[in-house]
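**Q** Here it is: the structure, laid out below.
Number of protein chains: 2
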Amino acid sequence: MVSLEDLKSLAIPAQTKIVLLVLDGLGGLPRPGDGWTELEAARTPNLDKLAAQGNLGLADPVAPGITPGSGPGHLGLFGYDPLQFRIGRGVLEAAGIDLEMTERDLAARGNFCSVDAAGLITDRRAGRISTETCARLAELLEKIRIPGVQLIVRPVREHRFVVLFRGDGLEEGLSETDPQQVGKAPHPVHAELPRAKPAADIANQFVAEAGRVLASEHPANMVLLRGFSKYPRLPKLTDIYGVRAAVIAVYPMYRGLAKLAGMQAVKTGDAVADEFATLESVYGDFDFFFVHVKRTDSAGEDGNFDRKVSIIEEADAQIPRLLALKPDVLVVTGDHSTPAAFKAHSWHPVPVLLFSKWCRPDGASRFTERECRTGGIGHVRAAELMPLVMAHAERLTKFGA
Amino acid sequence: MVSLEDLKSLAIPAQTKIVLLVLDGLGGLPRPGDGWTELEAARTPNLDKLAAQGNLGLADPVAPGITPGSGPGHLGLFGYDPLQFRIGRGVLEAAGIDLEMTERDLAARGNFCSVDAAGLITDRRAGRISTETCARLAELLEKIRIPGVQLIVRPVREHRFVVLFRGDGLEEGLSETDPQQVGKAPHPVHAELPRAKPAADIANQFVAEAGRVLASEHPANMVLLRGFSKYPRLPKLTDIYGVRAAVIAVYPMYRGLAKLAGMQAVKTGDAVADEFATLESVYGDFDFFFVHVKRTDSAGEDGNFDRKVSIIEEADAQIPRLLALKPDVLVVTGDHSTPAAFKAHSWHPVPVLLFSKWCRPDGASRFTERECRTGGIGHVRAAELMPLVMAHAERLTKFGA
Numbered sequence: 336m337v338s339l340e341d342l343k344s345l346a347i348p349a350q351t352k353i354v355l356l357v358l359d360g361l362g363g364l365p366r367p368g369d370g371w372t373e374l375e376a377a378r379t380p381n382l383d384k385l386a387a388q389g390n391l392g393l394a395d396p397v398a399p400g401i402t403p404g405s406g407p408g409h410l411g412l413f414g415y416d417p418l419q420f421r422i423g424r425g426v427l428e429a430a431g432i433d434l435e436m437t438e439r440d441l442a443a444r445g446n447f448c449s450v451d452a453a454g455l456i457t458d459r460r461a462g463r464i465s466t467e468t469c470a471r472l473a474e475l476l477e478k479i480r481i482p483g484v485q486l487i488v489r490p491v492r493e494h495r496f497v498v499l500f501r502g503d504g505l506e507e508g509l510s511e512t513d514p515q516q517v518g519k520a521p522h523p524v525h526a527e528l529p530r531a532k533p534a535a536d537i538a539n540q541f542v543a544e545a546g547r548v549l550a551s552e553h554p555a556n557m558v559l560l561r562g563f564s565k566y567p568r569l570p571k572l573t574d575i576y577g578v579r580a581a582v583i584a585v586y587p588m589y590r591g592l593a594k595l596a597g598m599q600a601v602k603t604g605d606a607v608a609d610e611f612a613t614l615e616s617v618y619g620d621f622d623f624f625f626v627h628v629k630r631t632d633s634a635g636e637d638g639n640f641d642r643k644v645s646i647i648e649e650a651d652a653q654i655p656r657l658l659a660l661k662p663d664v665l666v667v668t669g670d671h672s673t674p675a676a677f678k679a680h681s682w683h684p685v686p687v688l689l690f691s692k693w694c695r696p697d698g699a700s701r702f703t704e705r706e707c708r709t710g711g712i713g714h715v716r717a718a719e720l721m722p723l724v725m726a727h728a729e730r731l732t733k734f735g736a
Numbered sequence: 336m337v338s339l340e341d342l343k344s345l346a347i348p349a350q351t352k353i354v355l356l357v358l359d360g361l362g363g364l365p366r367p368g369d370g371w372t373e374l375e376a377a378r379t380p381n382l383d384k385l386a387a388q389g390n391l392g393l394a395d396p397v398a399p400g401i402t403p404g405s406g407p408g409h410l411g412l413f414g415y416d417p418l419q420f421r422i423g424r425g426v427l428e429a430a431g432i433d434l435e436m437t438e439r440d441l442a443a444r445g446n447f448c449s450v451d452a453a454g455l456i457t458d459r460r461a462g463r464i465s466t467e468t469c470a471r472l473a474e475l476l477e478k479i480r481i482p483g484v485q486l487i488v489r490p491v492r493e494h495r496f497v498v499l500f501r502g503d504g505l506e507e508g509l510s511e512t513d514p515q516q517v518g519k520a521p522h523p524v525h526a527e528l529p530r531a532k533p534a535a536d537i538a539n540q541f542v543a544e545a546g547r548v549l550a551s552e553h554p555a556n557m558v559l560l561r562g563f564s565k566y567p568r569l570p571k572l573t574d575i576y577g578v579r580a581a582v583i584a585v586y587p588m589y590r591g592l593a594k595l596a597g598m599q600a601v602k603t604g605d606a607v608a609d610e611f612a613t614l615e616s617v618y619g620d621f622d623f624f625f626v627h628v629k630r631t632d633s634a635g636e637d638g639n640f641d642r643k644v645s646i647i648e649e650a651d652a653q654i655p656r657l658l659a660l661k662p663d664v665l666v667v668t669g670d671h672s673t674p675a676a677f678k679a680h681s682w683h684p685v686p687v688l689l690f691s692k693w694c695r696p697d698g699a700s701r702f703t704e705r706e707c708r709t710g711g712i713g714h715v716r717a718a719e720l721m722p723l724v725m726a727h728a729e730r731l732t733k734f735g736a
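Chains as they are written, first to last, in the working numbering: chain A, 336 to 736; chain B, 336 to 736.
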């Protein structure tokens, strides 16, 4: 894979515009009977027309056989090798509630839990307290004072919260406090790497203080911390390729992931059509647009083949208004497969459609997994798509003389 | 990618002969109207017959989306990963005038320029002096004496020249002296890496001396140096595979690139037919022949679709006399795409045809980008072709027991 440093050295300014349309969990599996995948069963006249004029391919989000979470799935599409750039769960959780992070932040996922008089856990989820209670307790925790560190504690949902430890020299490499069973005391945090020692000390101080602050609360009288992770130092798309990039996504986590890559979040309505209206309204302000459609994935997770088909068709119906903007490069793909038959994220490669006037057309008749298999892009890693996109946008100069 | 060390350990002696026929810039894009690429529009009955019996594929010269210069394009075909083995501009310029280099050489591209009494540049190209004047001034510069270093200074064309600093301990990592604008003084050379310090000192001595030597010349009274680069230590094809390799190419740069890989340059006439006549005449003397046809690329750069078609046809017409030599492996491909529609090198993958009695035939009807997309070689990196070639030539033994 070409390094981001090399890509940066090849990037040249251009006026071209790029749209990356991600139908979350797009890839599918055949249904019984006709053996069609969701994409095959969907009526997609607009995408099919693009398939005839553009290039198709299959992309492995991480590597063959690897089922990605949403983090690695999107990082790959943004051009980062997900095996090299890893996003911890604490950071992902913070991204998921639209919490602004800085490079000085160490994030952790928190649970409120119940402990008995001996400090042994009786309920790892504190009876799933309401989100309102969670918000009130998070405010209490945020008042904890630890010298040299600023604490940001925010509710997520029910018993779940996020804590950011903001300060200098706070490094990754911390063990979790959750013993994963009742009847045990929370583990102390220990540093798995020498450089993580200061952060471990601070996390332990926080847990001890939390126990005091919550002592009179019931059932949420203690906290468990997991997924300690540092804000990832991703080279931003702006720095690498010189593009002004925007994210149009309904769910905060996808906006959060895109912001890590240097994209600017744009406010949008919930419906698929709303997102395309947003694209139209900000089209003059950016060069690169990541448009995220979530519900294909949700339908796949629910095992609802027909609903996934209808959301694909809903997105297809928006393609003409997208093309009216005359993007120089349009990519339609998924961050991973979520076949309705599998009811979960899967490792299956993701169909990719790349459309630009510089394509050497495949002449495919449809945009389906089957046609993608013999497309001109070939079978690639998702992270290899971004250089291809930038090339078609005439944003990369010649390598070597 | 298999390392060159591994390949070397697998190489075994054989009597087989290999021809690598490179039609420079072969890959194309559709023309308006019938949507045919140059290769599709060309009448290539001989290549098509080979396509039916051999294997087709698509090769990315460097990686998807990366447009290669001629250096990386050819290095890939010779089996070197162009991302690992880099050839600097100074070395390429020296190769381009058939200048013999050694591993002790640090090469730079030079411009004669004009400076005023205060030493500020008034013309970065010294009014594009004649090549004859350039040759005379290069001789003057070559007389400069710097202790411990031999200077080789040769004219290229008009104001451009090459200088080789030949000596021990001269390392890469030097900044350029060209400020890229008039009204400024040439920059001093500085070492971007500590080990490049001795080379920087010598380059600065050279520039200072050049100013003295040229003081009375007009308009070429100063020099600018760029692209400082060390002769690359490429393992030679002879050492890796044990082949005696020859290059048949009209343009010196391609001969120079091939010599870096350990090939021996053979004198040839200019026409395509001349190159094949040369191949016939030296066929007994070598095992591996790199035959380079330049004008497909030139036609592409000129945007001349029809001329590119006719040069492809000219090459096709030579295939029978090539086959009469009974090579054990014949590869026909390009070092990159130069679509007439794009008028420049591009990132599009290059069609590859591999013909040998050991092919599992694709049964393709033609040698075109379209057929190559579904060929048995698949979609590979150009550097992956060489092991495949050597395998078909029965020059690689089993890996592992």
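Where a beta carbon is used, it is the ideal one built from N, C-alpha and C, also for glycine.
(1) Enumerate in chain order the residues of its own chain whose CB-to-CB distance from residue 442(A) is below 6 Å, with the five nearest sequence positions on each side excluded.
(2) State buried or exposed for residue 606(B), treating a residue as buried only when at least 16 other CB atoms are found within 10 Å of its CB.
(3) Sort out for me which residues DSSP pairs residue 716(B) with in a bridge.
(4) Does the distance from the C-beta atom of residue 455(B) to that of residue 520(B) stay below 9 Å?
(5) According to the neighbour-count rule (16 or more other Cβ atoms, all chains shown, within 10 Å of its Cβ), is residue 561(B) buried or exposed?
(6) Along the region 466-496 of chain B, where does the CB come closer than 9 Å to a CB of chain A? Name the residues.
(7) Taking Cβ positions only, does residue 424(B) come closer than 9 Å to chain A?
(8) Run through chain B and tell me which residues come within less than 8 Å of residue 719(A), C-beta to C-beta.
(9) Does DSSP classify residue 574(B) as helix, strand or coil?
(10) Could you give the DSSP three-state label for residue 647(A): helix, strand or coil?
(11) How about residue 723(A): is its C-beta nearer than 9 Å to some C-beta of chain B?
(12) Which stretch, first to last residue, makes up the beta strand (DSSP E) that contains residue 424(B)?
(13) What residue range does the beta strand (DSSP E) around residue 639(A) cover?
(14) Which chain A residues are close to residue 403(B), counting only those with a beta carbon under 8 Å from its beta carbon?
(15) Quick one: what does DSSP say residue 555(B) is sitting in, helix, strand or coil?
(16) Pick helix, strand or coil for residue 724(B), following the three-state DSSP scheme.
(17) If you draw a straight line from the alpha carbon of residue 711(A) to that of residue 451(B), how long is it in whole angstroms?
(18) Could you please give the first and the last residue of the uninterrupted beta strand (DSSP E) stretch that includes residue 786(A)?
(19) Which residues bound the beta strand (DSSP E) around residue 689(A)?
(20) List, in order along the chain, the chain B residues whose C-beta lies closer than 7 Å to that of residue 309(A)?
(21) Quick check on residue 682(B): buried or exposed, where buried means 16 or more other Cβ atoms within 10 Å of its Cβ?
(22) Give the range of the alpha helix (DSSP H) segment to which residue 462(B) is assigned.
(23) Closer than 9 Å, Cβ to Cβ, to anything on chain A: give me those residues from the region 697-712 of chain B, in chain order.
(24) Could you confirm whether any beta carbon from chain B is found closer than 9 Å to the beta carbon of residue 572(A)?
(25) Do we get a CB-CB distance below 9 Å when we pair residue 666(A) with the residues of chain B?
(26) Which same chain residues end up closer than 7 Å to residue 639(A) when comparing Cβ atoms and leaving out the 5 residues on each side of it in sequence?
(27) Which class does residue 708(B) belong to by DSSP, given the choice of helix, strand or coil?
(28) Comparing alpha-carbon positions, which option in 664(B), 448(B), 693(B) and 616(B) lies nearest residue 517(B)?
(29) Can you find a CB in chain B that lies within less than 9 Å of the CB of residue 336(A)?
(30) Would the region 593-600 of chain A and the region 548-562 of chain A be scored as touching if the rule is three or more Cβ pairs under 8 Å?
(31) Report the residues of the region 359-383 of chain B with a CB closer than 9 Å to any CB of chain A, ordered along the chain.
(32) Residue 599(B) bridges to which residues according to DSSP?
(33) Which residues in chain A sit within 8 Å of residue 421(B), going by Cβ to Cβ distance?
(34) Do you know offhand how far residue 338(A)'s Cα is from residue 529(A)'s?
(35) Are at least three pairs of beta-carbons, each pair with one atom in the region 659-671 of chain B and one in the region 348-366 of chain B, less than 8 Å apart?
**A** For this structure:
(1) Sequence-distant partners of residue 442(A) (beyond 5 residues in either direction) whose C-beta falls short of 6 Å from its own C-beta, in its chain, are 425, 426, 429, 499 and 564.
(2) The C-beta of residue 606(B) has fewer than 16 other C-beta atoms within 10 Å across all chains shown, which makes the residue exposed.
(3) DSSP lists 395(B) as partners of residue 716(B).
(4) Going by C-beta atoms, residue 455(B) is nearer than 9 Å to residue 520(B).
(5) Burial call: buried.
(6) Listed in sequence order: no entries.
(7) So, interface residue.
(8) Within chain B, the residues placing a beta-carbon under 8 Å from that of residue 719(A) are 398, 399 and 400, ordered along the chain.
(9) Helix at residue 574(B).
(10) Assigned with DSSP and collapsed to three states, residue 647(A) falls in helix.
(11) Yes, contact with chain B.
(12) For residue 424(B), no beta strand (DSSP E) run applies; the uninterrupted alpha helix (DSSP H) run containing it begins and ends at 424-431, by DSSP.
(13) Run containing residue 639(A): none; DSSP gives neither H nor E here.
(14) Within chain A, the residues near residue 403(B) are 733, 734 and 735.
(15) Looking at residue 555(B) - three-state DSSP - the assignment turns out to be coil, as it is neither helix nor strand.
(16) DSSP, reduced to helix, strand and coil, places residue 724(B) within a helical segment of the structure shown.
(17) Take the alpha-carbon of residue 711(A) and the one of residue 451(B): they are about 56 Å apart.
(18) There is simply no residue 786(A) to check, as chain A begins at 336 and stops at 736 in what is shown.
(19) That run of the beta strand (DSSP E) goes 685-691.
(20) Outside the displayed range of chain A (336 to 736) lies residue 309(A), so it cannot be described from this structure.
(21) It is buried - the Cβ of residue 682(B) has at least 16 other Cβ atoms within 10 Å.
(22) Taken as a continuous stretch (DSSP letters only), residue 462(B) belongs to no alpha helix (DSSP H), as it is neither H nor E.
(23) Here the close residues are 704, 705, 708 and 709.
(24) Judged by the 9 Å Cβ criterion, residue 572(A) is not in contact with chain B.
(25) No, its Cβ sits nowhere closer than 9 Å to a Cβ of chain B.
(26) Apart from the 5 residues on each side of it in sequence, residue 639(A) sits with its Cβ closer than 7 Å to the Cβ of 675 in its chain, given in chain order.
(27) Coil at residue 708(B), not helix or strand.
(28) In terms of CA proximity to residue 517(B), 448(B) leads the group 664(B), 448(B), 693(B) and 616(B).
(29) Closer than 9 Å: yes.
(30) The region 593-600 of chain A is not in contact with the region 548-562 of chain A.
(31) Under the 9 Å Cβ criterion, the region 359-383 of chain B contributes 362, 363, 364, 365, 370 and 372.
(32) 581(B).
(33) Near residue 421(B) (Cβ distances below 8 Å), the residues of chain A are 735.
(34) The straight-line gap from Cα to Cα measures roughly 29 Å.
(35) With a cut-off of 8 Å, the region 348-366 of chain B and the region 659-671 of chain B count as touching, because enough Cβ pairs lie within range.
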